[in-house]
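J.:
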Amino acid sequence: MGPTVGVPFGSLSRARYRGAVIRPSGAQESLNGAVVEYYRQWQAAFVRPEPCGRDWAAIVSPDAGLPYIGEAQGWGLVITALMAGADPDAQRQFDAILRYVLGHPSSIDPDLHAAEQNERCESINGGDSATDGDLDIAYGLLLAAEQWGTPTHGGPSYADLARRRIEAIKRSLVEPRSHLLRAGDWARDGDDDVSRISRSSDWMLGHFRAYRAVSGDPFWDAVLEAHLSLITRLQGSYSHGTGLLPDFVTDIDREPRPAHGEILESENDGSYWWNACRVPWRIGTDAVLSGDPRSIDAAGALNTFARNTTRDDPTRIRAGYSLKGRALTDDLEPAFVVPFAVPAMLDPNGQQWIDNQWHYLTTTPVRPDAYYPATIGLQVLLVLTGNWWTPGVF
């Protein structure tokens, strides 16, 4: 018998999807069952107990070039909190991942997480943060506050830990003039071009709403507005007809624009590539949960592009596009396919389309060497089935 859970998986009573109009076909019990089965496969593949002989747990990322990265730990916390009620050991697993996170503070802002560790669980490459990891860590802590309240090992409450991290995000990860997210705390005091970039996959609109609701700080209204406005401008000026966003924008302290050539990771930094593939899921999730017309419009543009490009066949989605919609590769990669299922929830004429995506997602095996697509896929499943919710916002 697990601990009492505030919002058990499958309860749905608090998941009011203000913008969604459809979900995958089938009985809710069957849909939930598919999520639980996928979660068990994901858990067996990627949740590593007691790494390096410590009382931690960590999400391993064999396809990321490093065994432990901040993005993975953030996702692990969010997923584990949302699966409470289906997994009787969810709080134990959550607390073990949290101990790993707290055991690896950033070398720059110790209230953030050092984003990269080697096989010996040692922080490397400067030991600084990556924005997406800390955004999800804070969000996961807020979910845990509503699920359980206090860690099993005692100490500060989940809510107190979340507020401390949200304050660190505010001071170290947000450009103070534009209110746009930086790529990490390493960019806080930088004056070079790479310190003035933002990653589109970090624009987690629903997270900003949760931070505002829980903290009462209007600063997060400004952050939300800045990112919604930028999404609208980018789609209108650079990707009209597709809605695609680039992996990175530059000059966030002045006039943000898509990166040109390689600025941090690859020559496709200004294209819809391995970071931006998460954007349809992120914007779509805010659209279906909040019903914000700007998020709905942005997600709708992405859905229209995907349907027109694929003729409702998810296997026609390619692993990378120019912002104008030209495929950059012939590869089929699940990480690029499954995020488009979330904007489909907004399409009243898209039942067959979303059902095709559901089939693709639930029949694509969880590969133990492919953490990235599987972990995105599990979170997409949670949204599609009504099992995602925004702490503090119902």
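FYI, the numbering for the sequence shown is 40 to 433, going by the numbering used here.
Note that the Cβ used here is the ideal one computed from N, Cα and C, for glycine as well.
Can you check whether the CB of residue 286 is closer than 8 Å to the CB of residue 238?
T.: Against a cut-off of 8 Å, the Cβ pair of residue 286 and residue 238 comes out as a contact.
J.: Given a threshold of 16 other Cβ atoms within 10 Å of its Cβ, counted over all protein chains shown, does residue 185 qualify as buried or as exposed?
T.: With 16 or more Cβ atoms within 10 Å of its Cβ, residue 185 is classed as buried.
J.: Which value, in whole angstroms, describes the spacing of the CA atoms of residue 153 and residue 342?
T.: Approximately 35 Å, taken between the alpha carbons.
J.: Return helix, strand or coil for residue 514, following the three-state DSSP convention.
T.: The requested residue 514 does not occur in the structure, where the chain is confined to residues 40 to 433.
J.: How would you write the range of the beta strand (DSSP E) that residue 287 sits in, first residue to last?
T.: Residues 287-289.
J.: Just to confirm, is the Cβ distance from residue 208 to residue 177 under 8 Å?
T.: In contact: residue 208 and residue 177 (Cβ atoms closer than 8 Å).
J.: Is DSSP giving residue 221 helix, strand or coil here?
T.: Three-state result, residue 221: coil.
J.: Measuring alpha carbon to alpha carbon, tell me which residue in 275, 309 and 278 is nearest residue 289.
T.: The shortest Cα separation from residue 289 among 275, 309 and 278 belongs to 309.
J.: For residue 173 and residue 301, I'd like the C-alpha separation in whole angstroms.
T.: For residue 173 and residue 301, the distance between alpha carbons rounds to 25 Å.
J.: Distance check for residue 196 and residue 396, CA to CA, integer angstroms please.
T.: Looking at the two C-alpha atoms, the distance is approximately 39 Å.
J.: Residue 142: which of 245, 91, 335 and 118 sits nearest, CA to CA?
T.: Selected option, being the one with the closest Cα: 91.
J.: For a quick check, are the C-beta atoms of residue 169 and residue 223 less than 8 Å apart?
T.: In contact: residue 169 and residue 223 (Cβ atoms closer than 8 Å).
J.: Spatial neighbours of residue 410 within its chain, please: C-beta separation below 8 Å, excluding the five flanking residues on both sides.
T.: Answer for residue 410: 84, 85, 98, 99, 100, 101, 102, 103 and 111, listed in chain order.
J.: State the start and end residues of the unbroken alpha helix (DSSP H) segment that holds residue 252.
T.: Run containing residue 252: 244-254, per the alpha helix (DSSP H) assignment.
J.: Give me the Cβ distance between residue 214 and residue 335, rounded to the nearest whole Å; I'm assuming they're in contact under 8 Å.
T.: So it is not a contact: roughly 26 Å between Cβ atoms.
J.: Tell me whether residue 98 sits in a helix, a strand or coil according to DSSP, three-state version.
T.: Strand, per DSSP.
J.: Check the C-beta distance from residue 240 over to residue 175 and give it rounded, since I have them as a contact under 8 Å.
T.: Actually they are not in contact, since the Cβ atoms of residue 240 and residue 175 sit about 11 Å apart, beyond 8 Å.
J.: Just checking residue 402 against the ligand GDP - is the residue's beta carbon closer than 7 Å to any of the ligand's heavy atoms?
T.: Among the ligands in the structure shown, none appear at all, so the ligand GDP cannot be discussed.
J.: Less than 8 Å between the C-beta atoms of residue 62 and residue 424, yes or no?
T.: Yes, the pair counts as a contact, with Cβ atoms nearer than the cut-off.
J.: In chain order, what residues of the same chain lie with their CB nearer than 6 Å to the CB of residue 416, ignoring the 5 residues before and after it?
T.: Answer for residue 416: 377 and 400, listed in chain order.
J.: Beta-carbon within less than 7 Å of residue 48's beta-carbon, same chain only, minus the 5 sequence neighbours each way: which residues are those?
T.: Answer for residue 48: 121, 122, 123, 124, 125 and 426, listed in chain order.
J.: Considering only the beta carbon of each residue, do residue 181 and residue 359 sit closer than 8 Å?
T.: No, these two residues do not count as a Cβ contact at 8 Å.
J.: Would you mind reading off the limits of the alpha helix (DSSP H) that contains residue 86?
T.: Residue 86 -> not in any alpha helix (DSSP H); beta strand (DSSP E) instead, spanning 86-88.
J.: With DSSP collapsed to three states, give me the class of residue 311.
T.: Three-state result, residue 311: strand.
J.: Let's see if you can read the secondary structure: which residues bound the alpha helix (DSSP H) around residue 428?
T.: Taken as a continuous stretch (DSSP letters only), residue 428 belongs to no alpha helix (DSSP H), as it is neither H nor E.
J.: Could you have a look at residue 297 and say whether DSSP puts it in helix, strand or coil?
T.: Three-state result, residue 297: strand.
J.: Where residue 421 and residue 385 are concerned, what is the direct C-alpha to C-alpha distance, given to the nearest angstrom?
T.: Whole-angstrom Cα-Cα distance: 16 Å.
J.: Identify, in the order they occur along the chain, each residue of the same chain with its Cβ nearer than 6 Å to the Cβ of residue 129, setting aside the five sequence neighbours on each side.
T.: Only 119, 122 and 123 meet the Cβ criterion.
J.: What first and last residue would you give for the alpha helix (DSSP H) that runs through residue 347?
T.: It spans 332-349 - the alpha helix (DSSP H) in which residue 347 sits, taken as one unbroken run.
J.: Relative to the C-alpha of residue 330, which residue among 398, 262, 245 and 361 is closest?
T.: Taking only the C-alpha atoms, the option nearest residue 330 is 245.
J.: Relative to the C-alpha of residue 303, which candidate in 231, 274, 275 and 151 has its C-alpha closest?
T.: Ranking the options by Cα distance to residue 303, first place goes to 231.
J.: Measuring only the C-alpha atoms, how far is residue 269 from residue 194?
T.: Straight-line Cα distance between these residues: approximately 40 Å.
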